[in-house]
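Take a look at the structure below.
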Amino acid sequence: MSQKITMGAALTPEKIAEQLADGGAVAPASVAEYALRLGDDALILSQRLGWWIARAPEIEEDIALGNIALDLIGHARSFLTYAGSAWGKSEDDLAYFRDEPDWRCAQIFELANGDFAHTIVRQFAVSFFQFELYSRLVDSSDPVLAAIAAKAVKEVDYHRDHSAQWMLRLGQGTEESRRRVQVALTDVWPYVDELFRDDGLIDDVLIDDLDGVAVRPTTLREPFDELVGRVLGQADLEVPTGAVARGGGRDGVHTGGFGVLLAEMQVLARQYPGATW
Amino acid sequence: MASPGESGGREQWPLWEVFIRSARGLSHVHAGSLHAPDAVMAVRNARDVYTRRNEGVSVWVVPAAAITASDPDARGAFFESPQGKDYRHATYYSEADAVRHL
Numbered sequence: 001m002s003q004k005i006t007m008g009a010a011l012t013p014e015k016i017a018e019q020l021a022d023g024g025a026v027a028p029a030s031v032a033e034y035a036l037r038l039g040d041d042a043l044i045l046s047q048r049l050g051w052w053i054a055r056a057p058e059i060e061e062d063i064a065l066g067n068i069a070l071d072l073i074g075h076a077r078s079f080l081t082y083a084g085s086a087w088g089k090s091e092d093d094l095a096y097f098r099d100e101p102d103w104r105c106a107q108i109f110e111l112a113n114g115d116f117a118h119t120i121v122r123q124f125a126v127s128f129f130q131f132e133l134y135s136r137l138v139d140s141s142d143p144v145l146a147a148i149a150a151k152a153v154k155e156v157d158y159h160r161d162h163s164a165q166w167m168l169r170l171g172q173g174t175e176e177s178r179r180r181v182q183v184a185l186t187d188v189w190p191y192v193d194e195l196f197r198d199d200g201l202i203d204d205v206l207i208d209d210l211d212g213v214a215v216r217p218t219t220l221r222e223p224f225d226e227l228v229g230r231v232l233g234q235a236d237l238e239v240p241t242g243a244v245a246r247g248g249g250r251d252g253v254h255t256g257g258f259g260v261l262l263a264e265m266q267v268l269a270r271q272y273p274g275a276t277w
Numbered sequence: 001m002a003s004p005g006e007s008g009g010r011e012q013w014p015l016w017e018v019f020i021r022s023a024r025g026l027s028h029v030h031a032g033s034l035h036a037p038d039a040v041m042a043v044r045n046a047r048d049v050y051t052r053r054n055e056g057v058s059v060w061v062v063p064a065a066a067i068t069a070s071d072p073d074a075r076g077a078f079f080e081s082p083q084g085k086d087y088r089h090a091t092y093y094s095e096a097d098a099v100r101h102l
């Protein structure tokens with residue numbers, strides 16, 4: 001049986017670039033700074049997730065994590081294309097030719113994969129964060145940000161489901177899976193706080209400029225805590241309290257492994273500028 | 001009688017058969033199989049493995065062990081009877097000109 005397969009209607013970075021160029025429009029400077037942060041979050045996490053391909057516990061999970069990584073690359077490309085319009089830079093300029101202090105991702109996105117439990121806990125936290133963020137960003141007064149969020153929120157909803165299902169299974173699985181996921185929660189959770197800070201997201205002047213355009217991270221904490229707490233309760237896992245990492249990712253301060261991640265991601269583009277295949 | 005895909009207990013996760021419906025009004029069609037720890041994850045894995053190119057609007061998963069299949073070695077005897085019984089195909093009737101839309 002032949003079946004017609006379509007690409008599906010989707011917002012692409014090419015369309016964003018084209019529409020901006022047609023209208024002679026660029027992202028306002030403060031909006032570009034904001035879009036850069038959201039794009040960096042998605043791109044760095046997708047680079048981390050890509051490592052799992054051919055290494056996950058089962059081939060089905062390889063594909064699941066690979067699909068999530070591809071969704072995130074899609075979001076990153078749109079955000080970076082939009083951000084770059086303010087500075088005359090392409091998405092590739094921003095992805096491949098910035099050094100460590102110029103990256104604006106929160107540190108949780110760059111955390112090492114660790115074991116499968118660490119990867120799932122990291123994904124669990126950021127997917128629930130991104131879902132709350134994009135659910136509100138669809139109402140942004142900036143039409144491009146709103147359109148990117150509208151596409152991303154549906155995909156992130158699935159990432160949320162995927163990681164929540166795994167949290168339940170790891171929490172209620174074997175003694176070993178439960179031990180590992182609890183260790184992962186202890187290791188990853190200190191980095192959650194940074195996601196919800198207004199100060200440091202962008203400097204204070206800019207976040208005030210962005211009223212109605214950006215989402216204030218502090219407003220997302222309550223729904224995040226409630227939904228995440230519900231899953232952890234069902235999984236019979238303890239919500240980690242106490243330790244809070246200093247953060248600083250939004251200001252270009254990154255964790256130990258970040259330089260290696262960048263080197264691997266950027267080496268080809270830097271060694272062979274303009275390479276295509 | 002045997003279940004398809006039996007692997008003698010080497011797999012940690014059971015095997016599931018996946019059926020995808022490509023559009024409303026069509027039947028679910030067998031798309032392939034996969035491993036998953038339980039039914040809920042099997043539906044998600046099926047979504048990830050078999051609907052990456054916009055193939056479906058609905059997914060069914062069935063434990064492969066729940067499928068009872070005909071014996072491939074007995075194919076001759078099992079499927080011999082219809083051979084030569086062409087009259088079971090409605091090809092001997094002539095269409096009446098007066099009847100439209102046949």
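So the protein lines, in turn, are chains A and B. So for the first sequence, my numbering puts the first residue at 1; every next one is plus one. So for the second sequence, my numbering puts the first residue at 1; every next one is plus one. Where is the CB? At the ideal position from N, CA and C, for every residue including glycine.
Cβ-Cβ distance between residue i and residue j below 7 Å
i         : j         : result
Thr-255/A : Gln-107/A : yes
Leu-65/A  : Leu-49/A  : yes
Glu-132/A : Phe-224/A : yes
Ala-149/A : Leu-137/A : yes
Leu-43/A  : Ala-86/A  : no
Ser-30/A  : Leu-206/A : yes
Val-57/B  : Val-43/B  : no
Phe-109/A : Asp-41/A  : yes
Trp-13/B  : His-35/B  : yes
Leu-72/A  : Leu-38/A  : no
Val-153/A : Ser-135/A : yes
Trp-52/A  : Ile-120/A : no
Gly-173/A : Leu-237/A : no
Pro-278/A : Ala-275/A : Because chain A is modelled from 1 through 277, residue 278/A falls outside the range shown and cannot be assessed.
Asn-113/A : Asp-48/B  : no
Ser-33/B  : Glu-55/B  : no
Per-residue contacts from residue i into chain A (C-beta, under 8 Å)
i         : result
Ala-31/B  : Within chain A, no residue comes near Ala-31/B; the closest Cβ sits about 10 Å away, beyond 8 Å.
Val-103/B : Residue 103/B is absent from the structure shown; chain B starts at 1 and stops at 102.
Interface partners of residue i on chain B, CB under 7 Å
i         : result
His-162/A : Arg-44
Arg-55/A  : What Arg-55/A touches in chain B: nothing, since even the nearest Cβ is about 16 Å away.
Arg-169/A : Pro-37
Ile-63/A  : Asp-48 and Val-49
Contact set between residue i and chain B, taken where Cβ atoms lie within less than 8 Å
i        : result
Asn-67/A : Asp-48 and Arg-52
Residue i, enclosing alpha helix (DSSP H) - first and last residue
i         : result
Ala-83/A  : 59 to 85
Ser-298/A : It is not possible to answer for residue 298/A, since the shown part of chain A is limited to 1 through 277.
His-118/A : 116 to 137
Ser-177/A : 175 to 188
Ser-163/A : 143 to 171
Pro-273/A : That residue, Pro-273/A, is in no alpha helix (DSSP H); it is neither H nor E in DSSP.
Pro-13/A  : 13 to 22
Val-228/A : 221 to 234
Val-62/B  : Element bounds for Val-62/B: not the alpha helix (DSSP H) but the beta strand (DSSP E), 58 to 63.
Arg-75/B  : 75 to 80
Asn-45/B  : 39 to 50
Where the beta strand (DSSP E) through residue i begins and ends
i        : result
Glu-17/B : 15 to 21
Gly-32/B : 29 to 35
Integer Cβ distance of residue i from residue j, believed to fall under 8 Å
i         : j         : result
Glu-327/A : Gly-249/A : Residue 327/A is absent from the model: chain A starts at 1 and stops at 277.
Ala-27/A  : Ala-83/A  : 6 Å
Under 7 Å from the C-beta of residue i: neighbouring residues of chain A
i        : result
Trp-13/B : Glu-58
Contacts that residue i makes with chain A (C-beta to C-beta distance below 9 Å)
i        : result
Val-59/B : Going along chain A, no residue has its Cβ under 9 Å from Val-59/B, so there is no contact; the nearest lies around 13 Å.
Practice task
Determine contact between the region 153 to 164 of chain A and the region 90 to 100 of chain A, defined as no fewer than three beta-carbon pairs at a distance below 8 Å.
Solution key: no
Handout entry: Cβ pair count under 8 Å reaching 3, the region 244 to 261 of chain A against the region 19 to 26 of chain B
Key = no
Handout entry: the region 196 to 212 of chain A in contact with the region 28 to 38 of chain A per 3-pair CB rule at 8 Å
Key = Per the Cβ contact rule, the region 196 to 212 of chain A is in contact with the region 28 to 38 of chain A (3 or more Cβ pairs under 8 Å).
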